[in-house]
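Undergrad: Numbering (the numbering used here), first residue to last: 607 to 1444.
We put the beta carbon where it would ideally sit given N, CA and C, even for glycine.
Below are the structure tokens for one structure; questions will follow.
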Amino acid sequence: MKSILRKLLVIGITGVVLTGVFVFALLSSEPVVAPTKSLSPRDVQAAKNKVKAIRQQLIARRSQVELKLSQQDIDAIMAVASYSIPNMQFAGSVTPYGMAVAGSASVPIAGSRYLNVSCMLLPDFDASGLQDCRIGSIPLPSGLIQAVAVTGFGWVFGDDAKRTLDQLISGAQFQNGQLALVADKPVDFREQIKGGIQGLANTAKSIHRQDEIDIATIDVYLTTLRTMDNSPESLAPYVVEVMRTAMARTSAGADPATENTAALWALAIKFGTYRFASLAGYEGKPKVGKRRAASLQGRKDLALHFLYSAILEQLGRAQLAFSIGEIKELLDANQGGSGYSFADLAADKAGLKFSEWIGDDDHAKAAQDLLAFEGSEKAFFPLVHDLPEGLREQEFKRIFGSVGSDKYRALASKIDQRIEQLPLYSGNDSAVRSRSYQTPIDAIDNGQWFVVDTHIHTKFSDGSHTVAEVADKAASFGCDAIAIADHGDRNLKKVASKSYVDAIRNADYAHPNMSILTGLEWNIAPFMGREHATVLFPQSDDLLGQISTFRNRYDSYKKRSEDMLSAEPGLKYLADINVYGTQPVVFYNHPSRKSFYLSEVGHDMATWMAASDLVVGMSGAPGHQKKKGKNNGSYSMQHRTVGGWDPAVAKVGGQWDQLLQRGLNVWGARANSDFHNTQMDYWPCQFSTTHVYARSNRHNDVIQALHAGQFWGQHGRFVEALDFSVTTSNGQSIVMGDVGSHARGEEVSVNIAIQLAQQDWQGLQASLSKLELIAVMSNSVKAYPLPSQATPSGRVELRHQLPIYADSTVVRLRGVSKQAGRRDYWFYSNPIRIQSRG
């Protein structure tokens, strides 16, 4: 017995040793092909052209095929193959004496080990052939490799195809640095290859996850989709419906991961392509009802990227799906393509993540619970509005270099982070809240109130009047300070020039009782002109150099560069400007005008404010107020103004309140004319006014006051004065834009004093119809109606006791003057923040 055990032990040890020696011989510590993972649009285009040429030769109804590959062709094809196949690198080299082909696969065993494969295609006395082939350090018989390759090819595609491949290898010639291949082929070569590929596909389907895809279950979800109204354009409502069906079936005992997977396949078949049905195992076309395209963020292409990548993940090809997405975008970057799109890439990544998550046993049920009731795309699809798109080859190369560069990977990582923060994956249906409550500068003491308009255009850009003409009119309507902020578009040569600065300075001199600030309407990066922000520059001797340099370097109108992938480089430049304690101030203009989602406004404001303290707020009331109805404020796309105010500000619990909930002190009570001409605009301070508490109405004092936030805005000039403050239990008085502390659980006194104007902007009797106090807490927003009855002298004065329980409570005020037969006038205050202690 002991003898038998001893022999078995020796045999076992010998087997282990031999296996170890064999593995050691197979694997190497260094790859024979060094990993680069660098791919350019030019590589992709070259590979596509050559593969297309080869394909045309093979499928042409001719009896002979002639192929030529240069070293450049081989390099491009190998680069695409290396990038497409995970953990693999390929290389090929052609010389007058033959061709070498090699590949290295990364193997996660005992650190970094590599399986290297190499082979030579060399001419011999009578024919060329595969020689000196190796796997690791193990040589392989030359004839064996070629025989196996040719025989296997014939087994799949037939004897005629086998003879063609054999002739291509044996007849290989090496001339002028090129590989030339010539062979006879059958005229129906295309049909033979197609039949072989179909056979491989059928074999793969029979063994690859086919048993996991239940056609009957997919039919349940296709039925759900058929019974839906086809009117929604967004993919989100359809996701909701199939997830509700999945939730019901799970409650009846079905497996949630299986149900979610079937629901996803149904969505892809309905809104993607019928080809997905054959991958799922359908013999013919399933019943999907009336077909239509769905969209994500208003774009059908994003929905297709999302669904295609999701199905590829279902088939177990997640990395391949991502690589295909990147290669497609690189191809688009070439001449004639739509340009490289990081938005499309984000959709690919989002589809992969969605498929992986909802089909995972640990997350499937939670995914149902959220998606069955969250009817918004924002639950599972990231914002892509600020990602670069349309990059041409040279532009892509200049900014990113290649897909393997640090800059490229940094942006790809940013997309990954954005996806991970979505409610479906973060487990949180609200944004991560910051607790930085500090105001940019101290509140203003010993000041007075001034009427300002900080967004005005002139003939230097697309305005119809000169600076002097605008200044005269502004003074006649009672402005104490105005800001000329012409567009920074690069085709407007005189903006931010010496003549621009001089014209503003001369008008300022001509109006000693009114200050005229120098500003710029910045085409903020990376939007290339879609999004605008007003930048007001402090008065200084270096003003011309500062504004011209900023405009030339950082205005993104139809321009893209490494410094314009985000607003941060421009904001950093502005942060270096400091004139005796006064820095530039930045306001987001007409924030919702071109947004698809209102959440884009919150996202952009939070991003910019995280990058710089100079970004303090947004235009709660946009200009172009002469425009009526649905075009008021030039809001003619997805969103409309509410009472003349931007919906991000006007909707209680909207983006402004959500930013305040996150701890960001955002000033939204800015009402400006955005004056261009009298056809669509009122003159500065004629209808829209911002009332600022400042030390004086001089340039830098106004800028400091805008930073501090003690201001309010209105339409219609129906309010003459507003005093809005909070008194805490210890007697501290907190004003607009300020932050104070208060004992938790005790009441604060909200103090309101409003003096109505004797007449509104049209000379009619001013009135206050409704007054609301809006309280913003960490997890809720409440609107408290307040008494609005004015005294005969037009005075409204009251105190409201408000208990403070939340860590942070923000209060803001708004009121409306109802106008019979006309649009109502609203005023809005800036917020006051109260932090709890104890």
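(1) Report yes if the C-beta distance between G1351 and Y1411 is below 9 Å; otherwise report no.
(2) Within this structure, are the beta carbons of G1259 and N1436 separated by less than 9 Å?
(3) Can you pull the DSSP bridge partners for M834?
(4) Hey, could you find the ends of the beta strand (DSSP E) L873 is sitting in?
(5) Name the residue from N1336, K1236, S1335 and P1197 whose alpha carbon lies nearest to the alpha carbon of R1276.
(6) Is the number of C-beta pairs between the region 1081 to 1097 and the region 1123 to 1138 that are closer than 8 Å three or more?
(7) For R1111, report the span of its alpha helix (DSSP H) as first-last.
(8) Out of R796, F759 and P892, which has the shortest C-alpha to C-alpha gap to I821?
(9) Looking only at its own chain, which residues have a Cβ that is under 6 Å from the Cβ of W1273, when we skip the five neighbours before and after it?
(10) Determine the direct distance from the alpha carbon of N1158 to that of R649, and round the result to whole angstroms.
(11) Which runs of the alpha helix (DSSP H) fall wholly inside the region 1133 to 1163 and span at least 4 residues, in chain order?
(12) What are the boundary residues of the alpha helix (DSSP H) that H1209 is part of?
(13) Any idea which residues DSSP pairs A711 with across the strands?
(14) Using C-beta distances below 7 Å, list every residue in its chain close to F759, excluding the 5 sequence neighbours before and after it, in chain order.
(15) For N1336, count the other beta carbons within 10 Å of its own beta carbon; 16 or more makes it buried, fewer makes it exposed. Which is it?
(16) Looking at the unbroken beta strand (DSSP E) that takes in G957, where does it start and where does it end?
(17) Cβ of S1488 within 9 Å of Cβ of D1068?
(18) Buried or exposed: which applies to V754, given that a residue is buried once 16 or more other Cβ atoms fall within 10 Å of its Cβ?
(19) Determine the DSSP secondary structure at E1174, reduced to helix, strand or coil.
(20) Bridge partners of E672, per DSSP?
(21) If I follow the unbroken beta strand (DSSP E) through S1355, where does it start and stop?
(22) Taking the alpha helix (DSSP H) that F912 belongs to, which residues open and close that run?
(23) Looking only at C-alpha atoms, which of G749, Y720 and S718 sits nearest to L728?
(24) Determine the extent of the alpha helix (DSSP H) in which I1021 is found, giving its start and end residues.
(25) For V1453, which residues from the same chain have a beta carbon less than 8 Å from its beta carbon, with the 5 sequence-adjacent residues on both sides left out?
(26) What residue range is occupied by the uninterrupted beta strand (DSSP E) comprising P655?
(27) Express the C-alpha separation of I1309 and R1301 in angstroms, rounding to a whole number.
(28) So, at 6 Å on beta carbons, what are the nonlocal neighbours of R815 in its own chain, with the 5 sequence-adjacent residues on each side left out?
(29) To the nearest angstrom, how far is the alpha carbon of I751 from that of V762?
(30) Please work out which residues of its chain come closer than 8 Å, Cβ to Cβ, to Y720, disregarding the five sequence neighbours upstream and downstream, and give them in chain order.
(31) Closer than 6 Å by C-beta to D1095: which residues in its own chain qualify, once you throw out the five before and the five after it? Chain order, please.
(32) DSSP state of A1131, grouped into three classes?
(33) Could you say which of V894, K955 and V1255 lies nearest to L910 if we only look at CA atoms?
(34) Do you know offhand how far N782's Cα is from C739's?
(35) Taking only three categories from DSSP, how would you classify W1251?
(36) Helix, strand or coil for G895 per DSSP?
TA: The answer reads as follows:
(1) yes
(2) no
(3) In the DSSP output, where bridge partners are listed per residue, M834 has none listed.
(4) No beta strand (DSSP E) holds L873; the alpha helix (DSSP H) holding it covers P862 to F877.
(5) P1197
(6) yes
(7) K1104 to A1116
(8) P892
(9) V1222, G1223, G1315 and N1436
(10) Per the sequence shown, residue 649 should be read as Asp rather than Arg. Computed Cα separation, rounded: 33 Å.
(11) 1149 to 1160
(12) S1205 to A1217
(13) M694 and L721
(14) A767, K768 and L771
(15) exposed
(16) Run containing G957: none in the beta strand (DSSP E); it sits in the alpha helix (DSSP H), F948 to I964.
(17) Outside the shown range of the chain (607 to 1444) lies residue 1488, about which nothing can therefore be said.
(18) exposed
(19) helix
(20) V788
(21) E1353 to L1362
(22) K906 to Q920
(23) G749
(24) D1012 to E1026
(25) What is shown of the chain runs 607 to 1444, which leaves residue 1453 out entirely.
(26) It is Asn, not Pro, that sits at residue 655 in the sequence shown. That residue, N655, is in no beta strand (DSSP E); its alpha helix (DSSP H) goes P647 to I665.
(27) 11 Å
(28) Bear in mind that the predicted position of R815 carries a pLDDT of just 44, short of 50, making it unreliable; the figure below should be weighed with that in mind. Nothing meets the Cβ criterion.
(29) 17 Å
(30) L633, S634, S635, E636, P637, V638, S710, A711, S712 and V713
(31) Y1163
(32) coil
(33) K955
(34) 25 Å
(35) strand
(36) coil
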